[in-house]
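>
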Amino acid sequence: MGVLKEELTSSSLPLLSLNHVSFLCRSVQRSVKFYQDVLGFSLIKRPSSFDFEGAWLFSYGVGIHLLQSSSIADFHANPRIINPKDNHISFQCSDIGLVKRKLEEMGMKYVTAVVEEGGIQVDQLFFHDPDGYMIEICNCDNLPVLPLSASSLKQSSMGKRFEALSGREAFCVAEMEEQMLENLIMDIIDLSL
Numbered sequence: 001m002g003v004l005k006e007e008l009t010s011s012s013l014p015l016l017s018l019n020h021v022s023f024l025c026r027s028v029q030r031s032v033k034f035y036q037d038v039l040g041f042s043l044i045k046r047p048s049s050f051d052f053e054g055a056w057l058f059s060y061g062v063g064i065h066l067l068q069s070s071s072i073a074d075f076h077a078n079p080r081i082i083n084p085k086d087n088h089i090s091f092q093c094s095d096i097g098l099v100k101r102k103l104e105e106m107g108m109k110y111v112t113a114v115v116e117e118g119g120i121q122v123d124q125l126f127f128h129d130p131d132g133y134m135i136e137i138c139n140c141d142n143l144p145v146l147p148l149s150a151s152s153l154k155q156s157s158m159g160k161r162f163e164a165l166s167g168r169e170a171f172c173v174a175e176m177e178e179q180m181l182e183n184l185i186m187d188i189i190d191l192s193l
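Quick note on full-length UniProt numbering: the sequence shown kicks off at 1 and runs consecutively.
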């Protein structure tokens, strides 16, 4: 009962995961083809009660909902410059070199970037979908997800905030720590093989 009470009184929302992203499209059919052929998504059933054209796709644990735009004015007239600092969705990949080769075979324009942190390198690749939405493909799992812990913040003014976590917040931090430990163990096993 204590955790449930904490959840009801917590200031943050009781979220579980990302469910889907939604995009307006010039042509739902063209965008469906792109998300199926380029990114490997599968078309799934959407509620028949919708009175507007659209499509739902799913893969990698996330949905993409495409909605037919009623106005061409919703889109830029000229193709946008590929800017890695623009809004985007990102997908993890296992082989960035293979992604580059496949995009080149498809005639798709892309830009690359490299992020380095503590001797760890993350390769990023950015391109647009048919409606100009930015997509990133990366090997971001190279970079560990490290929460800012109370021990590293004790000297800062934020430290007090992290020292008194609610039950739900403590559970989320514990869940992150468990995932990081599991990833560390798997990395150690991979190195030993």
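For every residue, glycine included, the Cβ atom is placed at its ideal position computed from N, Cα and C.
Applying the 10 Å Cβ sphere with the 16-neighbour rule, what's the burial state of D129?
With 16 or more other Cβ atoms within 10 Å, it is buried.
> Taking all protein chains shown into account, decide if I64 is buried (16 or more other Cβ within 10 angstroms of its Cβ) or exposed.
Its Cβ being crowded by 16 or more others within 10 Å, I64 is buried.
> In angstroms with no decimal places, state the Cα-to-Cα distance between S70 and Q121.
For S70 and Q121, the distance between alpha carbons rounds to 43 Å.
> Please tell me whether S42 and L57 are closer than 8 Å, where the distance is taken between their beta carbons.
A contact, by the Cβ cut-off of 8 Å.
> Going by CA-CA distance only, name the one from N87, F75, L18 and D51 that's closest to S59.
That would be L18, whose Cα lies nearest to the Cα of S59.
> Do the segment 26-40 and the segment 78-87 touch if we need at least three Cβ pairs shorter than 8 Å?
These segments do not touch.
> Just reading off the beta strand (DSSP E) that V145 is part of, what are its end residues?
No beta strand (DSSP E) contains V145, which DSSP labels as neither H nor E.
> Classify D131 as helix, strand or coil using the three-state DSSP reduction.
Residue state, collapsed to three classes: coil.
> Between the C-alpha atoms of R46 and E105, what's the straight-line distance to the nearest angstrom?
Spanning the two alpha carbons is a distance of roughly 32 Å.
> What's the C-alpha gap between S31 and L24?
C-alpha separation (whole angstroms): 10 Å.
> Under a Cβ-count criterion, where at least 16 other Cβ atoms within 10 Å of its own Cβ denotes burial, should V99 be classed as buried or exposed?
With 16 or more other Cβ atoms within 10 Å, it is buried.
> Can you tell which of Y35, H20, Q68 and L16 has the C-alpha that lies nearest to the C-alpha of S27?
Closest by alpha carbon: Q68.
> Verify whether the separation of the beta carbon atoms of D123 and T112 is less than 8 Å.
Yes.
> Is K109 closer than 8 Å to F91 when the C-beta atoms are compared?
Contact flag unset, no.
> By DSSP, does S31 sit in helix, in strand, or in coil?
Three-state result, S31: helix.
> Would H88 pass as a contact of I137 if the rule is Cβ separation under 8 Å?
Not closer than 8 Å, so no.
> Give the straight-line distance between the Cα atoms of S22 and V62, rounded to the nearest whole angstrom.
S22 and V62: Cα-Cα distance of roughly 11 Å.
> Does the distance from the CB of N139 to the CB of C93 come in under 8 Å?
Yes.
> When you compare only the Cα positions, how much space is there between G132 and G107?
In a straight line, the C-alpha of G132 is about 16 Å away from that of G107.
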